[in-house]
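Q:
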Amino acid sequence: MGHHEGRLQHTFKIRDSIVNGTFTGKVDASSSKLFFVCLVLLLGTWVAVFFQGLATAIDIWLISDIFNHCLFVLPGSMFLIYLKRHELSLKHFQPNYWVLFLCLGSLSLYAIGLAGDVKLFMHVATFTFLPLSVWAFIGNQLTLKILFPLVFILFCIPVGEELIPALQEVTADLSMIMLNWSGIPVYRSGLYIEIPQGRFLVAEACSGISFFIASLVIGSLYAYLNISSIKRRTIFMLISIVLPIIANGIRVFGIILTGYLTDMEHAVGADHLIYGWVFFSIVIVCLLGIGEIVREKYPQEQGLQPELASERWITDKSFYPSLICILVLMLAYSAWFRLITAQLNQSSATTHLTLSITEGADQANYLSNWKPEFIEPAQEFHYSRMMLNTPIDVYVAWYPLGYGELITSGNRLYTEKSWSLKSTSNLQLGSDQNIRISTIVNHSSKRLLSSWYLIDGKMFTNNKIAKLYETYQILMGNHIGSALIAISQQTKNVSADQEKTEFQAILKQSIIELNQTIEIK
47 MGHHEGRLQH TFKIRDSIVN GTFTGKVDAS SSKLFFVCLV LLLGTWVAVF FQGLATAIDI
107 WLISDIFNHC LFVLPGSMFL IYLKRHELSL KHFQPNYWVL FLCLGSLSLY AIGLAGDVKL
167 FMHVATFTFL PLSVWAFIGN QLTLKILFPL VFILFCIPVG EELIPALQEV TADLSMIMLN
227 WSGIPVYRSG LYIEIPQGRF LVAEACSGIS FFIASLVIGS LYAYLNISSI KRRTIFMLIS
287 IVLPIIANGI RVFGIILTGY LTDMEHAVGA DHLIYGWVFF SIVIVCLLGI GEIVREKYPQ
347 EQGLQPELAS ERWITDKSFY PSLICILVLM LAYSAWFRLI TAQLNQSSAT THLTLSITEG
407 ADQANYLSNW KPEFIEPAQE FHYSRMMLNT PIDVYVAWYP LGYGELITSG NRLYTEKSWS
467 LKSTSNLQLG SDQNIRISTI VNHSSKRLLS SWYLIDGKMF TNNKIAKLYE TYQILMGNHI
527 GSALIAISQQ TKNVSADQEK TEFQAILKQS IIELNQTIEI K
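Under my numbering, the residue at position 239 of the sequence shown is numbered 285, and the numbers go up by one with no gaps.
Next up, the structure:
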């Protein structure tokens with residue numbers, strides 16, 4: 047009886063404080079512990095539901111030097127939130143249920159990525175859902191306190207390799223400008239840069255993508271920890287983006303200059319990679335030095351913000367509604383994810399498809415200096431045939447449903463070590479389709495190259511549209527398989543315009559004839 051009377055008196059005190067406007071929504075230690083348990087449960091469910099996306103992302107983090115930094119992003123975000131612990135008060139806890147619509151978007155994107163085997167979609171969904179779910183759970187006021195740590199989680203997404211070709215071009219352009227300033231005799235063909243002493247290739251390792259991403263991550267972290275002004279932060283972030291690009295151009299110029307001055311005795315082989323990391327360390331030190339110049343010398347101390355009276359009664363039960371909504375949402379979509387995975391696994395086990403080429407030369411005796419690199423296709427054909435009295439090389443890769451991924455950055459139409467992209471152009475096929483023609487070069491030859499996709503018998507020349515259609519077919523349960531057809535012709539070193547005109551005619555004829563030679567059984 048005494049226990050109930052004491053509890054009743056406590057209730058009247060809280061009621062009186064609400065009426066007088068003095069209640070601040072304080073919570074006891076047990077509520078704080080329960081809140082922490084709810085966050086752990088939310089994180090654990092996220093790991094379970096998005097396990098495949100998380101596992102594939104970690105594989106990339108471990109394998110690729112470009113994304114090794116991602117291993118430290120999640121622990122870093124948690125540490126940054128820990129540093130803010132004194133500013134986080136549960137009296138500001140007020141879930142934002144509108145954010146659940148954004149969570150639905152992330153979950154749907156993950157389903158699309160799972161169905162289409164689009165790792166990028168899966169990774170984007172995985173690492174956007176976590177901060178969004180935290181936002182929905184704790185509400186706007188608490189989220190604003192830890193906004194940067196939550197946004198920082200997005201650096202876990204292994205994205206950026208798409209910038210490599212552009213960075214290679216920019217690096218080659220910058221190094222050529224500096225070589226011309228130095229007066230060194232130089233000739234450029236695509237990504238090959240030749241000086242009298244030898245030839246250099248601005249390969250993927252020379253693109254500076256690792257420097258660029260690392261500089262962006264370090265720069266954003268430094269700006270958050272040391273710079274208060276939005277204007278100064280913006281300026282410093284722009285410097286963090288531009289500096290590694292310019293520095294990488296200087297690095298490549300230095301490598302070529304060293305090779306020129308030492309008659310190619312130094313700065314070749316693995317040397318330039320070692321020099322590159324030493325140079326990168328110097329660039330990061332310079333970046334931090336610039337940050338010390340940009341940041342406020344005497345930052346203004348932020349006064350304590352007046353606390354607003356709260357009319358919400360924070361109890362243990364306050365955490366349950368939003369947590370249950372988020373967990374139910376994740377578990378419901380998890381069931382859908384399992385159905386998609388089961389469908390793909392069942393299709394790959396029970397569907398037996400063959401790809402027959404009815405016309406072509408003997409593949410066993412065929413040799414060519416051009417060979418695409420595709421990751422374990424179910425079938426691939428590489429042969430030569432005559433087209434408009436001209437020999438052309440043909441490559442076909444076939445991926446049935448559930449076997450693998452056709453449209454991915456890992457599949458390439460030429461080996462980066464042997465060929466360099468010199469230029470591209472478009473050929474108008476109809477009112478709504480353009481097909482890309484690439485000119486690739488190496489130290490001894492030049493080729494014209496083009497390709498297109500056949501998704502369930504329908505032709506596409508744009509890889510993004512082809513991927514979307516393939517994913518749509520999988521979600522609708524209508525997908526059979528996808529094929530890539532590529533043709534290449536070695537040029538005869540005549541007029542570039544004449545070569546391109548002849549190849550365009552061959553390409554138009556090839557599309558008609560090669561599509562007819564492919565049969566799905």
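Cβ coordinates follow ideal geometry from the N, Cα and C atoms, glycine included.
Treat the numbers as computed from the prediction; the structure is a model and nothing was measured.
Could you tell me whether the Cβ atoms of L126 and F82 are closer together than 8 Å?
A: Stepping through the sequence shown from its first residue, residue 126 is reached at position 80. Stepping through the sequence shown from its first residue, residue 82 is reached at position 36. Taking 8 Å as the Cβ cut-off, L126 and F82 do not qualify as a contacting pair.
Q: With a CB to CB cut of under 7 Å and the five nearest residues on each side skipped, what residues in its chain are close to K130?
A: In the sequence shown, the residue the question calls residue 130 occupies position 84. So the qualifying residues of the chain are K191 and I192.
Q: Which residue wins for smallest C-alpha separation from Y379, given the options C84, L88 and V95?
A: On the sequence shown, position 333 is the one that residue 379 refers to. Considering only alpha carbons, the answer is V95.
Q: Mapping the DSSP letters down to three states, classify V442 as helix, strand or coil.
A: Numbered from 1 along the sequence shown, position 396 holds the residue referred to as residue 442. Of the three classes helix, strand and coil, the one that applies to V442 here is strand, per DSSP.
Q: R384: buried (16+ other C-beta within 10 angstroms of its C-beta) or exposed?
A: For this step, residue 384 is matched to residue 338 along the sequence shown. Its Cβ having fewer than 16 others within 10 Å, R384 is exposed.
Q: Look at P211 and I106 and say whether their C-beta atoms are less than 8 Å apart.
A: Here the question's residue 211 lines up with position 165 in the sequence shown. Here the question's residue 106 lines up with position 60 in the sequence shown. Not a contact, by the Cβ cut-off of 8 Å.
Q: How big is the Cα-Cα spacing for A529 and L237?
A: By one-based count along the sequence shown, residue 529 stands at place 483. By one-based count along the sequence shown, residue 237 stands at place 191. Spanning the two alpha carbons is a distance of roughly 30 Å.
Q: Quick one: what does DSSP say S592 is sitting in, helix, strand or coil?
A: Limits of the chain in this structure are 47 at one end and 567 at the other, which puts residue 592 out of reach.
Q: For the structure I just gave you, are there three or more beta carbon pairs, one from the region 435 to 446 and one from the region 512 to 529, closer than 8 Å?
A: yes
Q: So for L475, helix, strand or coil by DSSP?
A: Position 429 of the sequence shown, counted from the start, is the residue given in the question as residue 475. Three-state DSSP puts L475 in coil, outside helix and strand.
Q: Buried or exposed: where does N488 fall if 16 or more other Cβ atoms within 10 Å of its Cβ makes it buried?
A: Here the question's residue 488 lines up with position 442 in the sequence shown. The residue is buried, with at least 16 neighbouring Cβ atoms inside 10 Å.
Q: Quick one: complete alpha helix (DSSP H) runs, 4+ long, within the region 178 to 224?
A: 186 to 191 and 193 to 198
Q: For the alpha helix (DSSP H) holding K546, just list the boundary residues, first then last.
A: As a position in the sequence shown, residue 546 is number 500, starting the count at 1. Per DSSP, K546 belongs to the alpha helix (DSSP H) from A542 to T563.
Q: Between which two residues does the beta strand (DSSP E) containing T304 stretch?
A: Numbered from its first residue, the sequence shown carries residue 304 at position 258. Careful: T304 lies outside any beta strand (DSSP E), inside the alpha helix (DSSP H) at I276 to L307.
Q: Reducing DSSP to helix, strand and coil, say where F151 ends up.
A: As a first step, residue 151 is located in the sequence shown; it is residue number 105 there, counting from the start. The sequence given here places Gly at residue 151; Phe does not occur at that position. DSSP places G151 in helix when its eight states are reduced to three.
Q: Considering only residues of the same chain and omitting the five flanking positions on each side of I273, which have a CB-CB separation below 8 Å?
A: Within the sequence shown, residue 273 is the residue found at index 227, counting from 1. Once the five neighbours on either side are set aside, the close Cβ partners of I273 are R279, F282, G337, V340, R341 and E342.
Q: So, are the CB atoms of A171 and G159 less than 8 Å apart?
A: Reading the sequence shown from its first residue, position 125 is the one you call residue 171. Reading the sequence shown from its first residue, position 113 is the one you call residue 159. Taking 8 Å as the Cβ cut-off, A171 and G159 qualify as a contacting pair.
Q: Mapping DSSP to helix, strand and coil, what is W92?
A: For the purposes of this step, residue 92 is identified with residue 46 of the sequence shown, where counting begins at 1. Here W92 carries a helix assignment [DSSP, helix/strand/coil].
Q: Taking all protein chains shown into account, do 16 or more other C-beta atoms lie within 10 angstroms of the C-beta of T404, making it buried, or fewer, making it exposed?
A: Your numbering for residue 404 matches position 358 in the sequence shown. Its pLDDT being 46, under 50, T404 is placed unreliably in this model, and the value from its coordinates should be taken loosely. Classification for T404: exposed.
Q: So, S253 versus T304, is the Cβ gap smaller than 8 Å?
A: As a first step, residue 253 must be located in the sequence shown, where it is residue number 207. As a first step, residue 304 must be located in the sequence shown, where it is residue number 258. In this structure, T304 does not lie closer than 8 Å to S253 by Cβ.
Q: Tell me the rounded alpha-carbon separation between I230 and G300.
A: Within the sequence shown, the letter at position 184 stands for residue 230. Within the sequence shown, the letter at position 254 stands for residue 300. Approximately 12 Å between the Cα atoms of the pair.
Q: Closest by CA to S534, which one among L153, T308, L85 and T436?
A: In the sequence shown, the residue the question calls residue 534 occupies position 488. Nearest to S534 by alpha-carbon distance, out of L153, T308, L85 and T436, is T436.
Q: Distance, Cα to Cα, S484 vs Y233?
A: Locating residue 484 in the sequence shown gives position 438, where the first residue counts as 1. Locating residue 233 in the sequence shown gives position 187, where the first residue counts as 1. Going from the Cα of S484 to the Cα of Y233 covers about 21 Å.
Q: What do you reckon, are the CB atoms on L373 and T91 nearer than 8 Å?
A: As a working note, residue 373 is residue 327 in the sequence shown. As a working note, residue 91 is residue 45 in the sequence shown. The answer is yes: Cβ separation under 8 Å.
Q: Following the continuous alpha helix (DSSP H) through Q519, name the residue where it begins and the one where it ends.
A: Residue 519 sits at position 473 when you count from the first residue of the sequence shown. Start and end: N509 to L521.
Q: Have a look at S286, F326, I285 and L284 and flag the residue whose alpha-carbon is nearest the alpha-carbon of V298.
A: For the purposes of this step, residue 298 is taken as the residue at position 252 of the sequence shown. Comparing Cα positions, the closest option is F326.
Q: Would you tell me roughly how many angstroms separate the C-alpha atoms of L289 and L334, rounded to the nearest one?
A: As a working note, residue 289 is residue 243 in the sequence shown. As a working note, residue 334 is residue 288 in the sequence shown. Each residue's alpha carbon lies about 11 Å from the other.
Q: For A123, I'd like the list of residues in its chain whose CB is within less than 8 Å of its CB, leaving aside the five on either flank, ordered along the chain.
A: Here residue 123 refers to the residue found at position 77 when the sequence shown is read from its first residue. The sequence as given places Ser at residue 123; Ala does not occur at that position. Around S123: P195, L196, F198 and I199.
Q: Once DSSP output is grouped into helix, strand and coil, what is the label at M168?
A: Mapped onto the sequence shown, residue 168 falls at position 122. In the structure shown, M168 falls within a helical segment according to DSSP collapsed to helix, strand and coil.
Q: When DSSP builds the beta bridges, which residues end up paired with Q536?
A: One-based indexing of the sequence shown puts residue 536 at position 490. Beta-bridge pairing links Q536 to R493.
Q: If the criterion is Cβ atoms closer than 8 Å, does the pair A293 and Y441 meet it?
A: For the purposes of this step, residue 293 is identified with residue 247 of the sequence shown, where counting begins at 1. For the purposes of this step, residue 441 is identified with residue 395 of the sequence shown, where counting begins at 1. No, the pair does not count as a contact, with Cβ atoms beyond the cut-off.
Q: Identify every residue that forms a DSSP beta bridge with H132.
A: The count along the sequence shown starts at 1 and reaches residue 132 at position 86. Beta-bridge pairing links H132 to no other residue.
Q: Assuming I552 contacts L375 (C-beta within less than 8 Å), just tell me the rounded distance between them.
A: Your numbering for residue 552 matches position 506 in the sequence shown. Your numbering for residue 375 matches position 329 in the sequence shown. Going by Cβ atoms, the distance from I552 to L375 rounds to 53 Å, so no, they are not a contact pair.
Q: Thinking S286 and L262 are a contact (beta carbons under 8 Å), I'd like their distance in whole angstroms, please.
A: The residue you call residue 286 lines up with position 240 of the sequence shown. The residue you call residue 262 lines up with position 216 of the sequence shown. With 8 Å as the limit, S286 and L262 qualify as a contact, their Cβ atoms being about 6 Å apart.
Q: Taking the beta carbon of K72 as the centre, do at least 16 other beta carbons fall within 10 Å, making it buried, or is it exposed?
A: As a first step, residue 72 is located in the sequence shown; it is residue number 26 there, counting from the start. Residue placement at K72 is poorly supported in this model, since its pLDDT is 49, which falls under 50; the coordinates still yield a value, given next. K72 should be labelled exposed.
Q: Rounded to whole angstroms, what is the Cα-Cα separation between G523 and G99?
A: What you label residue 523 is simply residue 477 of the sequence shown in a count that begins at 1. What you label residue 99 is simply residue 53 of the sequence shown in a count that begins at 1. Distance between the alpha carbons of G523 and G99: 22 Å.
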